[in-house]
DNA sequence: TTGAAAGCGCTAACAT
DNA sequence: ATGTTAGCGCTTTCAA
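Protein chains in written order, with the working numbering: chain A, 25 to 364; chain B, 25 to 364.
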């Protein structure tokens with residue numbers, strides 16, 4: 025890219041570089057005549073400062089990094105959208121990277137962002153992240169980091185989460201209120217806090233309602249995919265032919281469950297109720313519509329950027345890292361029975 | 025971010041900055057002993073060069089800009105994913121921006137990318153882009169631009185497209201082969217080339233099969249949304265109670281159509297067949313599954329970055345801009361009848 | 001009111 | 001084999 029420089033403008037007007045610079049920044053000690061001449065010239069050559077030079081001098085890039093576990097993913101798309109939008113409103117742009125749920129890749133992406141001298145980083149930890157040294161060493165360099173969605177309790181950063189425990193409890197209790205008593209849970213990979221919390225919410229809802237917790241009713245979906253839900257359905261039905269509901273960690277898996285149940289001509293929700301988590305668009309158009317928990321990726325992304333902005337502006341002390349909890353909502357559709 | 029500099033390493037080792045620089049770049053004229061000392065030191069302080077300084081000197085940022093009309097959109101998510109992935113393989117990162125189908129916003133996003141001194145830009149034009157001066161002036165600055173998906177024939181850049189005309193023709197002919205004769209088309213906003221080409225493909229398929237083209241069977245979806253499809257269905261049925269198929273510009277609209285037809289207890293495909301475009305995941309789980317045209321966002325994104333890379337490497341002359349056409353495929357599901 | 005100069009960190013041509 | 005120096009474009013302090 026070939027841009028006109030201050031030097032070129034200065035030469036063309038026969039004044040010094042510093043005067044041009046000051047004129048463009050509306051310094052009070054430049055005569056209005058000079059100012060005008062400079063502004064006109066700048067406009068006519070479409071002057072736009074060399075950001076490398078500015079950044080070198082100020083040590084600020086107005087670029088932040090956003091790491092998501094997956095880009096093709098409705099929830100994370102909403103987060104990306106909100107972060108990009110909120111960042112733009114505040115004069116920042118966003119480099120998007122994908123960890124693909126890999127710990128190694130996640131480390132590399134952090135390194136890349138540090139190499140690029142971003143001003144801050146937003147990250148949802150991958151399902152396989154076992155160690156936080158990469159996050160810690162970025163923090164040691166003074167790069168503000170905000171965790172969202174999949175966080176670690178160990179790390180002392182600002183965070184944006186939902187109340188997974190409570191949301192899962194509400195989902196499970198909804199099933200109980202509709203008369204279900206033998207409820208399976210398809211959980212996610214073991215490490216993320218979200219998995220742990222939703223499982224605990226499920227368990228606590230059962231116990232609170234005097235339903236004993238049966239470990240054999242908990243199944244693991246490794247990939248949280250449609251296929252996982254589809255295939256696990258057969259296992260679940262084989263193990264527990266008499267079950268009356270399935271609470272899935274996430275919508276995509278729940279939709280796999282719905283699809284398989286439909287194929288097997290099992291009546292939903294009369295015979296088996298299904299409930300998901302996230303409220304992806306597709307849960308509106310499945311057959312039947314999927315009852316689920318809505319979590320707003322947009323709100324999570326927006327809050328994450330705003331917390332980061334506080335840090336970028338130096339408004340956050342070590343001791344006062346905030347955690348924002350974004351509300352969730354039960355969305356009742358036809359995959360669950362009416363409340364009895 | 026506080027990084028160790030070459031100067032600091034040099035001082036610590038009592039050698040000159042340039043020797044440190046050369047050692048890190050494995051220049052042959054540095055003694056292996058010095059090299060070793062420098063590398064060790066660099067590793068121990070986790071040296072990573074200041075990219076601002078490097079960029080200022082080289083006038084290269086290894087950052088590209090990607091403008092999409094919408095981020096929360098399965099097709100564009102695939103494109104973002106592919107661009108980010110392919111860019112990373114080649115040492116680039118990607119700033120993602122959204123035009124939100126607005127011409128004004130699109131202009132601003134181009135300006136922002138120029139301000140950020142990106143090395144190149146990938147863009148799918150917004151539905152409302154009426155004028156290409158913003159693209160042209162970026163090109164005049166020497167910023168390589170590659171258009172993908174929604175392109176303009178006027179602009180002399182590398183492009184990645186699909187054969188919309190042919191794909192739409194295949195979709196329409198499929199309906200004809202299954203015995204449909206009164207086929208409505210829901211088209212997109214008028215300006216984009218994709219709308220024009222798909223409409224022409226629809227029309228040509230009719231004419232080729234001796235079905236007269238009836239303008240009143242063409243409806244416009246302004247937002248290409250679920251709601252548009254849902255609402256247009258009523259209009260279409262009112263205007264043409266005897267129609268037997270609807271070919272929609274895109275899946276989301278087609279799913280709105282399916283939903284409304286289901287509500288009205290109109291048998292799909294016996295009474296009305298529906299065909300979409302794009303092959304979004306949700307078209308697998310609708311009731312019935314949606315016949316559609318698959319277009320690979322991933323391939324489009326990958327090709328787009330690769331074309332840009334050719335330009336970044338200076339391998340493309342003005343006269344030899346390439347246009348890559350990514351293949352599409354008819355995906356037959358249950359929303360269309362069997363071929364007669 | 002204007003300009004000169006230093007310096008951000010890095011690279012590379014050019015000494016030594 | 002190592003070091004000196006100039007310069008990328010900008011900002012800002014200090015001098016005129």
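Every residue, glycine too, gets a C-beta built ideally from N, C-alpha and C.
Are the beta-carbon atoms of residue 243 of chain B and residue 260 of chain B separated by less than 8 Å?
yes
Hey, how far is the Cα of residue 46 of chain B from the Cα of residue 116 of chain B? 24 Å
Under 7 Å (Cβ pairs) to chain A, residues found in the stretch 138-149 of chain B: 138, 139, 140, 141
Measure how close the beta-carbons of residue 142 of chain B and residue 120 of chain A come, nearest whole angstrom, since I'm counting them as under 8 Å.
-> Not a contact, Cβ separation roughly 14 Å.
Can you have a look at residue 263 of chain A and say buried or exposed, based on whether 16 or more other CB atoms are within 10 angstroms of its CB? exposed
Self-check item: Simplified DSSP assignment, three categories, for residue 209 of chain A
Solution: strand
- Message: The alpha helix (DSSP H) that contains residue 294 of chain A, what's its start and end?
- Response: Where residue 294 of chain A is concerned, there is no enclosing alpha helix (DSSP H), given that its DSSP letter is neither H nor E.
**Q.** Classification of residue 266 of chain A by the beta-carbon crowding that lies within 10 angstroms, buried from 16 upward
**A.** exposed
Within the continuous alpha helix (DSSP H) that includes residue 308 of chain B, where are the two ends? Premise fails: residue 308 of chain B is in no alpha helix (DSSP H) and is neither H nor E.
- Nearest to residue 303 of chain A by alpha carbon, out of A:235, A:99, A:75? A:99
Checklist entry - What do you get for residue 26 of chain B, buried or exposed, if any count of 16 or more other CB atoms within 10 angstroms of its CB means buried? => result exposed
Measure the CB-CB distance between residue 360 of chain B and residue 198 of chain B and report whether it falls below 8 Å. yes
- Message: Runs of 4 residues minimum, wholly inside the stretch 199-255 of chain A: which ones carry the alpha helix (DSSP H) assignment?
- Response: 217-232
| message | Give me, in chain order, the residues of the same chain whose beta-carbon lies closer than 8 Å to that of residue 342 of chain A; leave out the 5 immediate sequence neighbours on both sides. | response | 180
Practice prompt. From the DSSP output, read off the bridge partner residues of residue 353 of chain B.
Written response: B:318
(request) May I ask you to report which of helix, strand or coil DSSP gives residue 132 of chain A? (result) helix
message: Can you confirm whether residue 300 of chain B, when its beta carbon is compared against all beta carbons of chain A, has any partner nearer than 8 Å?
response: no
Checklist line | Against chain A: residues of the stretch 26-47 of chain B by CB proximity under 8 Å | finding: 26, 27
Counting pairs of beta carbons, one from the stretch 351-358 of chain A and one from the stretch 309-317 of chain A, are three or more of them closer than 8 Å? yes
- For residue 209 of chain A versus residue 250 of chain A, is the C-beta distance shorter than 8 Å? no
Decide if residue 246 of chain A is buried, meaning its Cβ has at least 16 other Cβ atoms within 10 Å, or exposed.
-> exposed
For this session: Can you pull the chain A residues whose beta carbon is under 8 Å from the beta carbon of residue 74 of chain B, in chain order?
Result: 80, 141
- request: Kindly indicate which three-state DSSP category residue 273 of chain A falls into: helix, strand or coil?
  value: coil
Members of the stretch 114-126 of chain B near chain A, C-beta cut-off 7 Å = 117, 118, 119, 120, 121, 122
Query raised in the report: Just how far apart, CA to CA, sit residue 150 of chain B and residue 158 of chain B?
Result: 13 Å
Original post:
If you compare alpha carbons, which of B:332, B:153, B:336 is closest to residue 129 of chain B?
Top reply: B:153
message = Any contact between the stretch 324-338 of chain B and the stretch 160-171 of chain B? By contact I mean 3 or more CB pairs, one from each, below 8 Å.
response = yes
Quiz item: Going along the chain, which residues of its own chain have a beta-carbon closer than 6 Å to the beta-carbon of residue 204 of chain B, five neighbours each way excluded?
Solution: 268, 269, 297
Look up residue 26 of chain A in the DSSP assignment and say whether it is helix, strand or coil. coil
> Looking at the unbroken alpha helix (DSSP H) that takes in residue 364 of chain A, where does it start and where does it end?
Replying inline: Neither: residue 364 of chain A is in no alpha helix (DSSP H) and is coded neither H nor E.
Near-chain B residues of the stretch 86-102 of chain A (beta-carbon distance less than 9 Å), N- to C-terminal order: 86, 87, 89, 90, 94, 95, 96, 97, 98, 100, 101, 102
Quick one: give me the first and last residue of the alpha helix (DSSP H) that residue 46 of chain A is part of. 41-48
Would you call the stretch 27-44 of chain B in contact with the stretch 59-78 of chain B, where contact means no fewer than 3 C-beta pairs closer than 8 Å? yes
Contact list for residue 165 of chain A against chain B, beta-carbon separation under 7 Å | 25, 26, 27
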